[in-house]
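Peer 1: Have a look at this one before I ask anything.
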Amino acid sequence: MRNLPEVCALLSDFGLSISTKAIRRPADRQDMRRIQRDGVDGMGGKRTAKQPKEAKSAVAACAAPTGDDAAAVVRLPVDCRLAAQAGLKAQFEEVLHKGDIVLDVEGLERVDTAALQLLVLFRRELESRGGKLAWRGTNAVLDEAASLLGLEQLLNLPAATLA
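Under our numbering, the first residue of the sequence shown is numbered 3, with each subsequent residue one higher.
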């Protein structure tokens, strides 16, 4: 059995640090510095709740590049994992009645199974109401995650429709 100083020394050899709450990688520390600097974590958490109401939503009710006049654009957050799901679900509920929706995925850097499940449910609900889901841009992270779970066709991703 190792004591805490030995574990800390071992972890530091791998570029990790330990705290009372979590083990963090150097990339996580950079994310934390960015969050502290910008004051917004982009994940629908407490910092986002403190923003003015206009800044909360990443939904833009504007014309889509496909030429659809009534299409609303929803920009997926950079970090689209479990912590962001409540905010993303609220955005989806906000635009569900608008019919055609365009999801902007160009800025997406992280995605998990929970986000993909939410996207599948959103597409099903949208289509049951007569709307259509379109994608703005392509994203390798989203394509890889959907491919690993076999969801490319179900999500109707641009890469999946070309294959």
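Ideal Cβ positions, reconstructed from N, Cα and C, are used throughout, including at glycine. Quantities reported herein were computed from a predicted structural model and do not represent experimental measurements.
(1) Nearest chain B C-beta to N158 closer than 7 Å, yes or no?
(2) Go through its chain and collect everything with a Cβ distance to F94's Cβ below 6 Å, but skip five positions before and after it.
(3) Where do the ends of the alpha helix (DSSP H) carrying L84 lie?
(4) Could you give the distance in angstroms between the alpha-carbon of Q155 and the alpha-carbon of V76?
(5) Tell me which same chain residues have a C-beta within less than 6 Å of the C-beta of P83, skipping the five on either side of it?
(6) Should A147 and I103 be called a contact, given that it needs their Cβ atoms to be closer than 7 Å?
(7) With the cut-off set at 7 Å, would you say L150 and L110 are in Cβ contact?
(8) Could you check whether L144 and A107 sit closer than 7 Å to each other, using their CB atoms as the reference points?
(9) Can you check whether the CB of L157 is closer than 7 Å to the CB of L121?
Peer 2: For this structure:
(1) The structure shown has no chain B; it contains just one protein chain.
(2) F124
(3) Careful: L84 lies outside any alpha helix (DSSP H) and carries neither H nor E.
(4) Answer to the nearest angstrom: the Cα atoms are 20 Å apart.
(5) For clarity, residue 83 is Arg in the given sequence; the question names Pro instead. Result list for R83: R112 and D114, in chain order.
(6) The answer is no: Cβ separation not under 7 Å.
(7) no
(8) The question names Ala, yet the displayed sequence has Val at residue 107. Yes; because the gap between Cβ atoms is below 7 Å, this pair is in contact.
(9) yes
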